[in-house]
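Some notes on the structure that comes next.
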Amino acid sequence: MQTDLNLREGTELKIPRRKLWPVFKQQKYLFLLMLPALIWAILFAYTPMAGLYMSFVNYQPTLGRFWYSLFHSEFVGLQWLRYFFNNGDFLIIMRNTLASTLITLLFSFPMPILIALAINEIKNVQFKKIVQTSSYLPYFISWVIAANIIVTLLSSDGAVNALLKFFHITNESILFLQNGKYFWWIVALGNTWKDMGYSSIMYLAAISSINPELYEAAKVDGANRFKQIRFITLPHLKPTIVILLILAMGGILNAGFDQHFLLGNDLTKDYSDVLSTYSFRYGIQNGMFSYAAAVGMFSSVVAFIIVVIVNNIAKKINGQSLF
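Pasting the structure below:
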């Protein structure tokens with residue numbers, strides 16, 4: 001009773017800290033299961049961070065082996081970052097990256113929530129499984145295939161132009177992929193179509209954890225399905241929505257390489273060239289490895305700062321945060 005009273009009064013319940021070794025000894029098999037993921041993270045997430053040093057040197061691969069060349073190249077400090085900020089490409093690249101990611105976020109973030117709510121309302125089990133499987137399938141299609149599907153649909157004699165002509169919206173075919181003003185929207189809708197079904201899994205998992213008795217009580221009180229969604233389902237989804245929004249904001253400078261590289265062309269370059277394609281062009285095609293590394297480091301640092309800021313804002317407003 002005293003504990004419940006303290007929690008109701010808003011006082012913090014102090015839990016004694018346990019030493020690491022007794023916990024490890026007691027749960028050694030759980031730690032053993034975590035070991036492969038830990039090794040993977042060290043090898044593929046943290047070890048490559050040593051390559052960030054390339055951003056501060058004028059890397060010359062002709063000096064010899066990679067690590068020898070890296071640490072014996074001329075140290076130039078922030079020269080590559082200053083070059084990136086001062087040349088004429090910076091504003092265009094940042095405009096394209098931010099516009100593409102923000103428009104994508106506008107469509108791709110709410111759609112999985114709507115799909116999860118819709119699937120949850122399906123009562124027929126067999127039909128529910130068919131809908132779920134159909135919504136997941138695009139996620140497992142590579143962007144090479146997805147890009148070809150999009151190009152085929154948006155071609156001058158494709159299905160989209162055929163429908164526009166059928167409904168007399170236009171008399172002539174619209175060259176969607178040759179006009180830059182359509183490019184950001186095409187990428188945003190393509191990203192949404194490809195990822196929305198798979199992203200809805202987390203929301204469906206959160207919905208499945210809601211106590212069914214809450215819905216039964218709401219029915220007794222006369223609440224229809226829309227009111228049950230508004231006052232029961234959405235409030236219980238709120239923590240999941242906040243966490244995923246914070247993570248999504250962390251990728252605001254990651255517009256995606258595959259879709260922009262595959263769907264872009266010389267006619268839409270002023271709209272399709274983003275940070276990932278820009279660093280690829282200079283790093284791989286032009287051999288400016290240090291410059292490309294500096295651009296990538298800038299993107300990662302800004303993403304980290306955005307995650308911290310959004311996380312703190314969410315903590316102050318909703319009391320929910322990622323860390």
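Here the sequence shown is numbered in the UniProt record's numbering, starting from 1 and rising by one per residue. Don't be surprised by glycine CBs; every beta carbon is placed ideally from N, CA and C.
At the level of alpha carbons, what is the spacing between residue i and residue j?
{"i": "Phe75", "j": "Phe84", "result": "17 Å"}
{"i": "Thr3", "j": "Ala223", "result": "Confidence at Thr3 is low in this model, with a pLDDT of 42, below 50, so the placement of that residue should be treated as unreliable; the coordinate-derived value is given next. Straight-line Cα distance between these residues: approximately 34 Å."}
{"i": "Ser55", "j": "Phe257", "result": "20 Å"}
{"i": "Thr104", "j": "Leu245", "result": "13 Å"}
{"i": "Ala116", "j": "Tyr46", "result": "34 Å"}
{"i": "Val242", "j": "Met249", "result": "11 Å"}
{"i": "Glu9", "j": "Gln132", "result": "Model confidence at Glu9 stands at a pLDDT of 43, short of 50, so the residue's coordinates are unreliable; what they give is reported in the following sentence. Cα to Cα, the separation comes out at about 43 Å."}
{"i": "Ile313", "j": "Phe66", "result": "42 Å"}
{"i": "Leu81", "j": "Trp184", "result": "26 Å"}
{"i": "Val310", "j": "Met34", "result": "29 Å"}
{"i": "Lys128", "j": "Gly197", "result": "13 Å"}
{"i": "Leu267", "j": "Leu275", "result": "18 Å"}
{"i": "Lys315", "j": "Lys238", "result": "13 Å"}
{"i": "Asn318", "j": "Phe166", "result": "48 Å"}
{"i": "Val57", "j": "Ile169", "result": "56 Å"}
{"i": "Leu263", "j": "Ala147", "result": "6 Å"}
{"i": "Leu106", "j": "Phe71", "result": "43 Å"}
{"i": "Ile186", "j": "Phe280", "result": "22 Å"}
{"i": "Leu7", "j": "Val125", "result": "Interpretation of Leu7 is limited by its pLDDT of 42, a score under 50 that renders its predicted location unreliable; no figure is taken from the coordinates."}
{"i": "Glu172", "j": "Tyr139", "result": "33 Å"}
{"i": "Ser100", "j": "Leu189", "result": "10 Å"}
{"i": "Leu98", "j": "Leu38", "result": "33 Å"}
{"i": "Ser299", "j": "Ala292", "result": "11 Å"}
{"i": "Leu163", "j": "Ser108", "result": "24 Å"}
{"i": "Val151", "j": "Val220", "result": "52 Å"}
{"i": "Ala303", "j": "Ala217", "result": "44 Å"}
{"i": "Ser321", "j": "Ser290", "result": "35 Å"}
{"i": "Leu59", "j": "Asn286", "result": "Before going further, note that residue 59 is Tyr rather than Leu in the sequence given. Their Cα atoms are separated by approximately 13 Å."}
{"i": "Ile306", "j": "Asn191", "result": "22 Å"}
{"i": "Gly64", "j": "Trp40", "result": "28 Å"}
{"i": "Val23", "j": "Trp143", "result": "44 Å"}
{"i": "Met94", "j": "Phe261", "result": "16 Å"}
Which two residues bound the contiguous alpha helix (DSSP H) that contains residue i?
{"i": "Tyr46", "result": "Where Tyr46 is concerned, there is no enclosing alpha helix (DSSP H), given that its DSSP letter is neither H nor E."}
{"i": "Gln178", "result": "Element bounds for Gln178: n/a, residue is neither H nor E."}
{"i": "Ser272", "result": "269-272"}
{"i": "Gly287", "result": "Per DSSP, Gly287 belongs to no alpha helix (DSSP H) and is neither H nor E."}
{"i": "Arg65", "result": "Neither: Arg65 is in no alpha helix (DSSP H) and is coded neither H nor E."}
{"i": "Tyr79", "result": "The question names Tyr, but residue 79 is Gln in the sequence shown. Segment 79-86, the alpha helix (DSSP H) holding Gln79."}
{"i": "Phe24", "result": "20-26"}
Just grab the DSSP bridge partners of residue i for me.
{"i": "Glu74", "result": "Asn58"}
Going by Cα to Cα distance, which pick from the options is closest to residue i?
{"i": "Asn96", "options": "Asp273, Phe323, Pro48, Asn286", "result": "Asp273"}
{"i": "Asp270", "options": "Leu70, Asn171, Phe167, Leu177", "result": "Leu177"}
{"i": "Phe231", "options": "Tyr139, Tyr215, Ser199", "result": "Tyr215"}
{"i": "Gly180", "options": "Asn265, Gly296, Ser321", "result": "Asn265"}
{"i": "Ala294", "options": "Pro138, Gln320, Leu78", "result": "Leu78"}
{"i": "Asn211", "options": "Asp195, Gln228, Asn87, Phe44", "result": "Gln228"}
{"i": "Ser199", "options": "Tyr136, Thr233, Tyr59, Lys28", "result": "Tyr136"}
{"i": "Ile284", "options": "Ala217, Pro61, Ile145, Ile174", "result": "Pro61"}
{"i": "Gln259", "options": "Val308, Val160, Val302, Ile149", "result": "Ile149"}
{"i": "Phe90", "options": "Gln27, Val23, Tyr278, Arg225", "result": "Tyr278"}
{"i": "Ile141", "options": "Ile122, Ile174, Trp193, Asn161", "result": "Trp193"}
{"i": "Leu154", "options": "Ile130, Tyr182, Ser134, Trp143", "result": "Tyr182"}
{"i": "Ala118", "options": "Ile207, Glu213, Lys28, Met288", "result": "Ile207"}
{"i": "Leu253", "options": "Gly296, Tyr282, Met288, Thr233", "result": "Gly296"}
Tell me the start and end of each unbroken alpha helix (DSSP H) in the segment 106-191 that is at least 4 residues and wholly inside, in chain order. Uninterrupted alpha helix (DSSP H) stretches at least 4 residues long and entirely within the segment 106-191 occur at 110-121, 125-136, 143-154, 159-166, given in chain order.
4 or more residues per run - each alpha helix (DSSP H) lying fully within the segment 207-282: Runs found: 212-220, 225-228, 234-250, 257-263, 269-272, 275-280.
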